[in-house]
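As numbered in UniProt numbering, the first sequence has no gaps in its residue numbers, which increase by one up to the final residue, 222.
Virtual Cβ for every residue (Gly too), placed ideally from N, Cα, C.
Since the structure is predicted, the reported quantities are computational estimates derived from the model, not experimental observations.
Report on the structure given below.
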Amino acid sequence: MKLELRHQHSWEVTPKQAIAIQNRLREFVSLRDDLPEQIRCVAGVDVGFEENGTVTRAAVVNLSVPDLLPIDSAVARRPTSFPYVPGLLSFREIPAILDALENLGDLPDVVLVDGQGYAHPRRLGIACHLGVLTDIPTIGVGKTRLLGAHDDVPDLRGAWVPLVDRGETIGAVLRTRQGVKPVYISPGHRISLSGAVEWVMRCTTRYRLPETTRHAHHLASG
DNA sequence: GCGACAG
DNA sequence: ATCTTGTCGC
Numbered sequence: 001m002k003l004e005l006r007h008q009h010s011w012e013v014t015p016k017q018a019i020a021i022q023n024r025l026r027e028f029v030s031l032r033d034d035l036p037e038q039i040r041c042v043a044g045v046d047v048g049f050e051e052n053g054t055v056t057r058a059a060v061v062n063l064s065v066p067d068l069l070p071i072d073s074a075v076a077r078r079p080t081s082f083p084y085v086p087g088l089l090s091f092r093e094i095p096a097i098l099d100a101l102e103n104l105g106d107l108p109d110v111v112l113v114d115g116q117g118y119a120h121p122r123r124l125g126i127a128c129h130l131g132v133l134t135d136i137p138t139i140g141v142g143k144t145r146l147l148g149a150h151d152d153v154p155d156l157r158g159a160w161v162p163l164v165d166r167g168e169t170i171g172a173v174l175r176t177r178q179g180v181k182p183v184y185i186s187p188g189h190r191i192s193l194s195g196a197v198e199w200v201m202r203c204t205t206r207y208r209l210p211e212t213t214r215h216a217h218h219l220a221s222g
């Protein structure tokens, strides 16, 4: 299916140009809850690498709501064209993710992305970037921290503490299950922090990571 | 100048 | 991310 982008920019850029693009796109991020009336499916996206890292492989999986059963999926491969640079992850992974989204039957109502959203030096982590380009509501789900400070999280499913940077709350450190390391949640686009936390909990059943992420990771890794 | 640093 | 076996614990 054809995917219409709200914004267009080159992906063949230098790190300095990438930062300029992030500073331009950050103005379009919306942190207000603005999800569809009826939410039919939630998607998970993840990226893996093949051939010594020279090939990028992105996977998207649509899960039904609220039962979380996989109803559709797509995979896309393309040559890796940008190195891993902390803070510039989207320039390495989004091109392949957009390819995968185009191979999907129906676009998801909300997407959970591997990595940070608003919890980013310029407030435009990969989840925000993908959301602004596609205008689809997105949520950032990181396994580790990129930025910000936080207190200890109570060891209880659903407990969370704010992630703070320069005096601003940029995300939440959420315990999705008791006895596991917490995950780093932050709004991507068209959703609030509390809304993001609710959706991540809604998508997490028996493991540390959301079912969306787990299915996508499975497809992105082989 | 010295660390920190999503995937 | 990826390279990789065993091992500790519920």
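Annotation for L101: the continuous alpha helix (DSSP H) segment containing it runs 89 to 102. Cβ-Cβ separation between F28 and V132: approximately 5 angstroms, consistent with a contact (criterion under 8 angstroms). Taking P70 as the centre and dropping the five residues before and after it, the same chain places the C-beta of V61, L63, H215 closer than 6 angstroms to its C-beta, in chain order. At least 7 angstroms separates the beta-carbon of I97 from that of V141. Here T169 is not near R208, since their CB atoms are 7 angstroms or more apart. Under the three-state reduction of DSSP, E51 is assigned to helix. In this structure T134 is buried. Its beta-carbon is surrounded by 16 or more other beta-carbon atoms within 10 angstroms. Using a Cβ distance threshold of 7 angstroms, A59 and A159 do not count as a contacting pair. The criterion of a C-beta distance shorter than 7 angstroms is not satisfied by S186 and Y84. Buried is the label assigned to T138, since at least 16 other Cβ atoms lie within 10 Å of its Cβ.
Annotation: Q8 to G125 spans about 17 angstroms, alpha carbon to alpha carbon.
About 40 angstroms separates the CB atoms of D155 and G105; that is not less than 8 angstroms, and the two are not in contact.
In the same chain as D165, and ignoring 5 residues on each side of it, the C-beta atoms closer than 6 angstroms to its own belong to L147, G148, in chain order. The bridge partners DSSP lists for A149 are V164. Its chain contains I126, H129, L130 as the residues whose beta carbon lies nearer than 7 angstroms to that of I94, once the 5 sequence neighbours on both sides are disregarded; these appear in chain order.
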